[in-house]
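Numbering (our numbering), first residue to last: 362 to 791.
1) What residue ranges within the stretch 598-661 form continuous beta strand (DSSP E) runs of no fewer than 3 residues, ordered along the chain?
2) If you reduce the DSSP assignment to three classes, tell me which class residue 709 lands in.
3) Relative to the C-alpha of residue 508, which candidate in 429, 608, 777 has its C-alpha closest?
4) In or out: residue 404 buried (at least 16 other Cβ within 10 Å) or exposed?
5) Looking at the unbroken alpha helix (DSSP H) that takes in residue 511, where does it start and where does it end?
6) Using the C-alpha atoms, what's the distance from residue 535 back to residue 369?
7) Return the CA-CA distance between residue 562 and residue 524, expressed in angstroms with no decimal places.
8) In this structure, how does DSSP classify residue 466 when only helix, strand and coil are distinguished?
9) Since residue 783 and residue 771 are thought to touch, with beta carbons under 8 angstroms apart, how far apart are those beta carbons, to the nearest angstrom?
10) Secondary structure at residue 523, three-state DSSP: helix, strand or coil?
11) Go through its chain and collect everything with a Cβ distance to residue 773's Cβ below 7 angstroms, but skip five positions before and after it.
12) Taking the CB atoms as reference points, tell me whether residue 645 and residue 699 lie closer together than 7 angstroms.
13) According to DSSP, what are the bridge partners of residue 533?
14) Give me the residue from 449, 552, 425 with the minimum Cα distance to residue 486.
15) Strictly by DSSP, which residues pair up with residue 552?
16) In the DSSP output, which residue or residues are listed as bridge partners for residue 776?
17) Compute the beta-carbon to beta-carbon distance between residue 701 and residue 478, rounded to the nearest angstrom, for a pair I have assumed lies under 8 angstroms.
18) Pairing CB atoms from the stretch 587-604 with CB atoms from the stretch 625-643, are three or more of them under 8 angstroms?
19) When the Cα atoms are used, what is the spatial distance from residue 629 to residue 757?
20) Quick one: Cα of residue 769 to Cα of residue 666, how far?
21) Hey, how far is the Cα of residue 481 from the Cα of residue 540?
22) Let me confirm a value: residue 553 is counted as buried when at least 16 other C-beta atoms fall within 10 Å, else exposed. Which label applies?
23) Would you list the residues sitting across from residue 455 in a DSSP beta bridge?
24) So who's on the other strand from residue 697, going by DSSP bridges?
25) Between 635, 649, 717, which has its C-alpha nearest residue 663's C-alpha?
26) Opposite residue 764 in the DSSP bridges: which residues?
27) Ordered along the chain, which non-local residues of its own chain (more than five positions away) have a Cβ less than 6 angstroms from that of residue 472?
28) Let me check one thing: in DSSP terms, what residues is residue 495 bridge-paired to?
29) Please return the same chain residues whose Cβ sits closer than 6 angstroms to the Cβ of residue 384, not counting the five positions on each side in sequence.
30) Assign residue 560 to one of three DSSP states: helix, strand, or coil.
31) Alpha carbon to alpha carbon, what distance is there between residue 451 and residue 469?
32) Classify residue 776: buried if its beta carbon has 16 or more other beta carbons within 10 angstroms, exposed otherwise.
33) Specify the secondary structure class of residue 788 as computed by DSSP and reduced to three states.
34) Within the continuous beta strand (DSSP E) that includes residue 489, where are the two ends?
Have a look at this one:
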């Protein structure tokens with residue numbers, strides 16, 4: 362980024378094109394697209410706006426790939442950067458939540474280790490240096506201004522535009538609902554058009570729910586995405602008897618650790634529905650499923666775990682392998698806790714689909730043989746080992762581990778880098 366003063370910037374010169382048989386490449390700032398880009402880079406200084414004269418009038422030049430914001434509620438300045446590929450598609454973002462990478466042209470964003478955050482939607486920086494992320498899973502746009510104010514905005518399922526703005530300390534100072542725009546101090550509100558006053562708290566959640574709570578009651582609005590998510594949750598509950606941890610609800614891992622539920626996406630619930638349908642021979646009534654927020658649980662290397670009934674036996678904690686953890690606390694009916702690492706991909710053995718199948722197998726194991734029995738190892742029984750063989754697992758004395766048999770007779774082992782590698786049996790053709 363240039364550090365020169367405004368006076369040091371020389372405006373570009375322009376020449377009138379001579380008549381030609383074929384039209385030249387058009388550019389407002391030079392003779393070609395390349396000179397246009399170079400001039401824009403020259404005339405953009407430290408994120409502020411500059412105006413360059415052109416034959417068509419002044420052209421405002423803005424740096425749309427970098428800004429500095431005060432992270433709302435923290436008082437910390439954050440340099441936000443967007444990097445793009447040769448086609449102009451965003452592939453990297455550094456913001457107040459970390460460093461994000463996209464491999465699909467700016468549609469899906471992941472932080473990777475150690476937080477394993479994932480989100481889907483568009484990023485951008487506007488002409489005033491405001492950084493925004495438009496989350497397509499929940500229908501909520503979050504905008505962060507250089508002065509530390511931030512706004513969450515959404516559209517309700519029937520088309521009403523709603524928003525909540527907070528100051529640099531995170532206190533709500535304005536909102537918009539069906540009755541217009543309101544200004545206030547986080548508790549007392551005045552309609553800027555009519556002068557009407559209200560008292561109450563206001564919020565828009567990251568998953569698309571607008572709430573205004575007063576002594577008269579609570580007004581709730583939802584995005585279309587959230588309505589579909591909750592309808593699908595109800596369908597799965599009615600069909601299979603499962604329950605879901607509600608956003609913000611806390612569950613106890615053990616005597617010292619807690620986890621907190623987030624909101625699954627519609628796509629994630631569809632994967633869950635497919636997995637439950639494949640295993641519908643089992644009884645899932647009373648089992649509770651948690652889609653855990655990454656910022657509320659320290660052991661982020663886990664894909665997930667299944668808790669047994671009332672903590673009477675060892676719980677199953679699953680990362681690269683599957684281990685039993687003493688002291689897990691769970692509810693009657695079982696608990697399946699899905700960690701952010703499992704939500705990086707929807708399908709496949711190492712994604713959400715594989716994690717759900719794996720954890721549900723622990724539920725089946727407990728239902729049939731009791732939660733105190735392992736499928737292998739010193740705590741296994743003859744019946745549990747037979748069940749493991751029926752599922753395709755074969756114990757290898759050579760490797761000291763269970764190998765998974767594929768449909769062609771090949772045996773596979775999961776290595777420390779969490780990849781499945783052929784080990785014995787029929788070698789795969791590829």
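We put the beta carbon where it would ideally sit given N, CA and C, even for glycine.
Let me lay it out:
1) 611-613, 619-621, 649-652
2) Counting from one through the chain shown, the residue named residue 709 turns up at place 348. Coil.
3) Within the chain shown, the letter at position 147 stands for residue 508. The shortest Cα separation from residue 508 among 429, 608, 777 belongs to 429.
4) Residue mapping note: residue 404 aligns to position 43 of the chain shown, counting from 1. Any reading at residue 404 must be qualified, since the residue scores a pLDDT of 37, below 50, and its modelled position is unreliable; the value itself is stated next. Answer is buried; the Cβ neighbour count reaches 16.
5) If you number the chain shown from 1, residue 511 lands on position 150. Looking at the DSSP string, residue 511 is not in any alpha helix (DSSP H); the run it does join, the beta strand (DSSP E), is 511-516.
6) Here residue 369 is taken as the residue at index 8 of the chain shown, counted from 1. Here residue 535 is taken as the residue at index 174 of the chain shown, counted from 1. Only weak support is given to the placement of residue 369: the predicted model assigns it a pLDDT of 39, under 50, and the question is left unresolved by the model.
7) Within the chain shown, the letter at position 201 stands for residue 562. Within the chain shown, the letter at position 163 stands for residue 524. So the alpha carbons of these two residues sit roughly 13 angstroms apart.
8) Along the chain shown, one-based indexing puts residue 466 at 105. Residue 466 falls in the coil class under three-state DSSP.
9) One-based indexing of the chain shown puts residue 783 at position 422. One-based indexing of the chain shown puts residue 771 at position 410. So it is a contact: roughly 6 angstroms between Cβ atoms.
10) Stepping through the chain shown from its first residue, residue 523 is reached at position 162. Residue 523 falls in the strand class under three-state DSSP.
11) Within the chain shown, the letter at position 412 stands for residue 773. Result list for residue 773: 764, 765, 767, 781, 782, 783, 784, in chain order.
12) For this step, residue 645 is matched to residue 284 along the chain shown. For this step, residue 699 is matched to residue 338 along the chain shown. No, these two residues do not count as a Cβ contact at 7 angstroms.
13) Along the chain shown, read from residue 1 onward, the residue named residue 533 stands at position 172. The partner list for residue 533 (beta bridge, DSSP) reads 527.
14) Within the chain shown, residue 486 is the residue found at index 125, counting from 1. Nearest option by C-alpha distance: 425.
15) Counted from its first residue, the chain shown places residue 552 at position 191. Answer is 543, bridged to residue 552.
16) As a working mapping, residue 776 is identified with position 415 in the chain shown. According to DSSP, which records beta bridges pairwise, residue 776 is partnered with nothing at all.
17) In the chain shown, counting from the first residue as 1, residue 701 sits at position 340. In the chain shown, counting from the first residue as 1, residue 478 sits at position 117. Their Cβ separation, rounded to whole angstroms, is 6 angstroms, which keeps residue 701 and residue 478 in contact under 8 angstroms.
18) yes
19) By one-based count along the chain shown, residue 629 stands at place 268. By one-based count along the chain shown, residue 757 stands at place 396. Approximately 35 angstroms between the Cα atoms of the pair.
20) Taking the first residue of the chain shown as 1, we reach residue 769 at position 408. Taking the first residue of the chain shown as 1, we reach residue 666 at position 305. Each residue's Cα considered, the two are about 30 angstroms apart.
21) Here residue 481 is taken as the residue at index 120 of the chain shown, counted from 1. Here residue 540 is taken as the residue at index 179 of the chain shown, counted from 1. Answer to the nearest angstrom: the Cα atoms are 31 angstroms apart.
22) Numbered from its first residue, the chain shown carries residue 553 at position 192. Counting Cβ neighbours within 10 Å, residue 553 comes out exposed, since fewer than 16 surround it.
23) To locate residue 455, count along the chain shown from 1; it is residue 94. 442, 460, per the DSSP bridge assignment.
24) The count along the chain shown starts at 1 and reaches residue 697 at position 336. Looking at the DSSP assignment, residue 697 forms a beta bridge with 650, 667.
25) Sequence index remark: in the chain shown, residue 663 carries index 302 (1-based). When only C-alpha atoms are compared, the closest one is 717.
26) Taking the first residue of the chain shown as position 1, residue 764 is located at position 403. BP columns for residue 764 point to 755.
27) As a working mapping, residue 472 is identified with position 111 in the chain shown. So the qualifying residues of the chain are 459, 461, 478.
28) Taking the first residue of the chain shown as position 1, residue 495 is located at position 134. According to DSSP, residue 495 bridges with 483, 502.
29) Within the chain shown, the letter at position 23 stands for residue 384. Per-residue confidence for residue 384 stands at a pLDDT of 43, beneath the threshold of 50, marking its modelled position as unreliable; the derived number appears in the next sentence. Taking C-beta separations shorter than 6 angstroms and ignoring five residues to either side along the sequence, residue 384 has no partners in its chain.
30) Along the chain shown, read from residue 1 onward, the residue named residue 560 stands at position 199. Reduced to three states, the DSSP call for residue 560 is strand.
31) For the purposes of this step, residue 469 is taken as residue 108 along the chain shown, with counting starting at 1. For the purposes of this step, residue 451 is taken as residue 90 along the chain shown, with counting starting at 1. Cα to Cα, residue 469 sits roughly 10 angstroms from residue 451.
32) Counted from its first residue, the chain shown places residue 776 at position 415. Exposed, because fewer than 16 other Cβ atoms sit within 10 Å of the Cβ of residue 776.
33) As a first step, residue 788 is located in the chain shown; it is residue number 427 there, counting from the start. It is coil, neither helix nor strand.
34) Translated into the one-based positions of the chain shown, residue 489 becomes position 128. Where residue 489 is concerned, there is no enclosing beta strand (DSSP E), given that its DSSP letter is neither H nor E.
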